[in-house]
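Below you'll find the structure, written out as structure tokens, and then a few comments.
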Amino acid sequence: MASQNRDPAAASVAAVRKGAEPSGGAARGPVGKRLQQELMTLMMSGDKGISAFPESDNLFKWVGTIHGAAGTVYEDLRYKLSLEFPSGYPYNAPTVKFLTPCYHPNVDTQGNICLDILKDKWSALYDVRTILLSIQSLLGEPNIESPLNTHAAELWKNPTGRSFSGLQRDSGGLHWTPSASALLLIPYSNR
């Protein structure tokens, strides 16, 4: 019960200071040290609208949060993501998925994300901060040439203002619901 009310940021800082390891002690070595360093860097960066912390004491599984950028249809919405780091990190990209449903041309219904830096353009120089900022940017500037959600891509391409008709906006995010009466317009100038 007490663990439900603890602050994830405070728990993460304490875990980093103690050199906490995921189950089985797998955080030893360069990957664990790199993830501890990235956690501290992210927490100290002061970037608005992004955050991420390990799930409990497991440095290889994080939960991130992204706030939609101002001037986009995602403004004032908050999305949770899962980040899972392989044992070959940072030479291998982490697996990143939306936990909060996100109606977007580059996000499928299972939360998978089509973003080149998470696939073939991955570099060991990237870090959690880079990933979160890139996904936050992708929300407002989708790559409609490589969609995972073709329906959302077609709506985004609409030359009359990219109307996302039929979208339901609520605390859980932006969702496509054919019966929704809401009509959201994305100004064409906000590509």
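Counted from 1, the sequence shown has number 83 at position 83 by UniProt numbering; the numbering is strictly sequential.
Where is the CB? At the ideal position from N, CA and C, for every residue including glycine.
> Under the rule that 16 or more other beta-carbon atoms within 10 Å means buried, what is residue 138, buried or exposed?
Replying inline: Taking the first residue of the sequence shown as 1, we reach residue 138 at position 138. Buried, since its Cβ has 16 or more Cβ neighbours within 10 Å.
> Between residue 93 and the rest of its own chain, which residues show a CB-CB distance below 6 Å, the 5 nearest in sequence each way excluded?
Replying inline: Working through the sequence shown from its first residue, we reach residue 93 at position 93. Excluding residues within five positions, the ones whose Cβ falls inside 6 Å are 118, 122.
>> Give me, in chain order, the residues of the same chain whose beta-carbon lies closer than 6 Å to that of residue 114; leave out the 5 immediate sequence neighbours on both sides.
In response: Along the sequence shown, read from residue 1 onward, the residue named residue 114 stands at position 114. Listed in chain order, the non-local C-beta contacts of residue 114 below 6 Å within the same chain comprise 106, 146, 148, local neighbours out to five positions each way being set aside.
> For residue 107, which three-state DSSP category applies?
Replying inline: Your numbering for residue 107 matches position 107 in the sequence shown. Reduced to three states, the DSSP call for residue 107 is strand.
>> Buried or exposed, going by whether 16 or more other CB atoms sit within 10 Å of the CB of residue 38?
In response: Locating residue 38 in the sequence shown gives position 38, where the first residue counts as 1. The residue in question, residue 38, is buried, as its Cβ has 16 or more Cβ neighbours within 10 Å.
> How long is the line joining the alpha carbons of residue 68 and residue 98, rounded to whole angstroms?
Replying inline: By 1-based counting over the sequence shown, the position of residue 68 is 68. By 1-based counting over the sequence shown, the position of residue 98 is 98. Taking the straight line joining both Cα atoms gives about 13 Å.
>> Would residue 72 and residue 140 be called neighbours here (beta carbons separated by less than 7 Å)?
In response: Position 72 of the sequence shown, counting from 1, holds the residue named residue 72. Position 140 of the sequence shown, counting from 1, holds the residue named residue 140. For residue 72 and residue 140, yes; Cβs fall inside 7 Å.
>> So, under 8 Å CB-CB, residue 244 and residue 55 are touching, yes? Tell me the CB distance rounded to an integer number of Å.
In response: Look at the range of the chain in this structure, 1 to 191, and you will see that residue 244 is not part of it.
> Which ranges would you report for the alpha helix (DSSP H) in the UniProt domain "UBC core" (30-177) if only whole runs of at least 4 residues count?
Replying inline: The qualifying runs are 30-45, 128-140, 150-157.
>> Distance check for residue 45 and residue 156, CA to CA, integer angstroms please.
In response: Reading the sequence shown from its first residue, position 156 is the one you call residue 156. Reading the sequence shown from its first residue, position 45 is the one you call residue 45. So the alpha carbons of these two residues sit roughly 32 Å apart.
> In chain order, what residues of the same chain have a beta carbon less than 7 Å from the beta carbon of residue 136, not counting five sequence neighbours either side?
Replying inline: Counting from 1 along the sequence shown, the entry for residue 136 is found at position 136. Answer for residue 136: 49, 50, 66, 69, listed in chain order.
>> Between the alpha carbons of residue 110 and residue 80, how many angstroms are there, rounded?
In response: Translated into the one-based positions of the sequence shown, residue 110 becomes position 110. Translated into the one-based positions of the sequence shown, residue 80 becomes position 80. If I take the Cα positions, the gap works out to 13 Å.
> Using the rule of at least 16 other Cβ atoms within 10 Å of the residue's Cβ for burial, across every protein chain shown, is residue 142 buried or exposed?
Replying inline: As a first step, residue 142 must be located in the sequence shown, where it is residue number 142. Buried is the call here.
> Rounded to the nearest angstrom, how far is the Cβ of residue 64 from that of residue 132, given a contact under 8 Å?
Replying inline: What you label residue 64 is simply residue 64 of the sequence shown in a count that begins at 1. What you label residue 132 is simply residue 132 of the sequence shown in a count that begins at 1. So it is a contact: roughly 6 Å between Cβ atoms.
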